[in-house]
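Single-structure report; data block below.
In this note's numbering, the protein residues as written are -18 to 410.
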């Protein structure tokens, strides 16, 4: 199904302003009591160092592999006609609690500065043993923020180990921000020519919904999902795949089967993928990525971007050459470690971009940190009487910018929250 066109911009602009309007959340008492003295001053990651030599960027190259159409047709032949995002949202029967309904422990996971203007907490029973790892929105899917008649938040979760686990996506109906409801779909990979599927076992650390495709991090690359190819399951059982009675997905009513993947080809010098996000300020739009290193690592990490394809026959896919290879079009090295989320946004008054990275707490820190970097230096959001930089979420998470509302969405533990980008800018010291 094709998403809304841009001829409805005026009406949607009014809706986007209403979507953004509302009373900002006051910091909870638990959050405001966190003293800057409880956090150590994190190491300044310094200026970004451009990587321009072919030998440096070769490790970032991705190889595209698309699932044959015959395989996808075989799967839908067995499972039934694919459905879309709306079908999942129609079954949304779980609720997120607003900030006032979060526990004290859950609220302390939120940033100290800047304060979250929207905050929600997930159902503890539904998320027990699951790890939050990615956020994207219909603001990524289309710059007007709509997907057909819906505003949607997507939250990625992982369970188990990287080679023996499960991954799911929570589809959150964001039409009414005072009452968020959601339903989940399991991420799977077709096997046996589409006659079966297996679970996606990789842990999710990043996710971008662009046009009709959803790209998620998976070990040494990305998996690609088509948001118009959601499949209904027919059996409620712990199994994943085809069973004697039909199709099962660990108790979930929907699955998203992969339609392709991108694999890093750099071997031992290839990065471990961390966060990803969308940058609409480039031409063409681009996917930005960060390298994961340990929070206390002294190893320099890399930040880079790929162009999205401008070919109308390849919506939502990366730009590739004749061999199916996607190359980084811009890359940097940073001294930041423990990067969990990454954003790229135009720097005011310049023709370059600022890079924002959320960093996990070090072994002696409680809060994470949020830094803005460019080729001249770095600044962190700061808080407390000592103006310390450890002010971000307790569990630094992904960063996703919703252009129509000017908000940055993220997760910290069981807390889902949004902060205006302008608030982040004001909190930078």
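Cβ coordinates follow ideal geometry from the N, Cα and C atoms, glycine included.
{"Asked": "Have a look at 351, 276, 320 and flag the residue whose alpha-carbon is nearest the alpha-carbon of residue 345.", "Found": "276"}
{"Asked": "Please classify residue 194 as buried or exposed, where buried requires at least 16 other C-beta atoms within 10 Å of its C-beta.", "Found": "buried"}
{"Asked": "Count the other CB atoms within 10 Å of the CB of residue 256; is the residue buried (16 or more) or exposed (fewer)?", "Found": "buried"}
{"Asked": "Measure the CB-CB distance between residue 296 and residue 238 and report whether it falls below 8 angstroms.", "Found": "no"}
{"Asked": "So what's residue 151 in DSSP terms, helix, strand or just coil?", "Found": "strand"}
{"Asked": "Which class does residue 77 belong to by DSSP, given the choice of helix, strand or coil?", "Found": "coil"}
{"Asked": "Is the stretch 181 to 193 close to the stretch 154 to 161, with three or more CB pairs under 8 angstroms?", "Found": "no"}
{"Asked": "In three-state DSSP terms, what is residue 10?", "Found": "Since pLDDT at residue 10 reaches only 36, below the 50 mark, its modelled position is unreliable, and no value is offered."}
{"Asked": "Distance cutoff 8 angstroms, beta carbons only. Does residue 124 sit that close to anything in chain D?", "Found": "Judged by its chain identifiers, the structure shown contains no chain D, having just a single protein chain."}
{"Asked": "How far does the alpha helix (DSSP H) with residue 70 in it reach, from first residue to last?", "Found": "66 to 70"}
{"Asked": "Where are the beta strand (DSSP E) runs, 3 residues long or more, that stay fully inside the stretch 275 to 344, in chain order?", "Found": "282 to 288, 311 to 315, 320 to 327, 334 to 340"}
{"Asked": "For residue 355, I'd like the list of residues in its chain whose CB is within less than 8 angstroms of its CB, leaving aside the five on either flank, ordered along the chain.", "Found": "28, 29, 328, 333, 334, 335, 336"}
{"Asked": "Residue 131 bridges to which residues according to DSSP?", "Found": "128"}
{"Asked": "Taking all protein chains shown into account, decide if residue 95 is buried (16 or more other Cβ within 10 angstroms of its Cβ) or exposed.", "Found": "buried"}
{"Asked": "For residue 431, count the other beta carbons within 10 Å of its own beta carbon; 16 or more makes it buried, fewer makes it exposed. Which is it?", "Found": "Nothing can be reported for residue 431: it is not among the residues displayed for the chain, which extend from -18 to 410."}
{"Asked": "From residue 24 to residue 348, what distance separates their C-alpha atoms?", "Found": "14 angstroms"}
{"Asked": "How many Å lie between residue 426 and residue 168 at the Cα?", "Found": "Nothing can be reported for residue 426: it is not among the residues displayed for the chain, which extend from -18 to 410."}
{"Asked": "Please state whether the Cβ-Cβ distance between residue 242 and residue 50 is less than 8 angstroms.", "Found": "no"}
{"Asked": "Assign residue 31 to one of three DSSP states: helix, strand, or coil.", "Found": "strand"}
{"Asked": "Is residue 208 helix, strand or coil by DSSP?", "Found": "coil"}
{"Asked": "Can you tell me which of 330, 331, 341 puts its alpha carbon nearest to the alpha carbon of residue 323?", "Found": "341"}
{"Asked": "Which residue comes first and which comes last in the beta strand (DSSP E) that contains residue 226?", "Found": "Careful: residue 226 lies outside any beta strand (DSSP E) and carries neither H nor E."}
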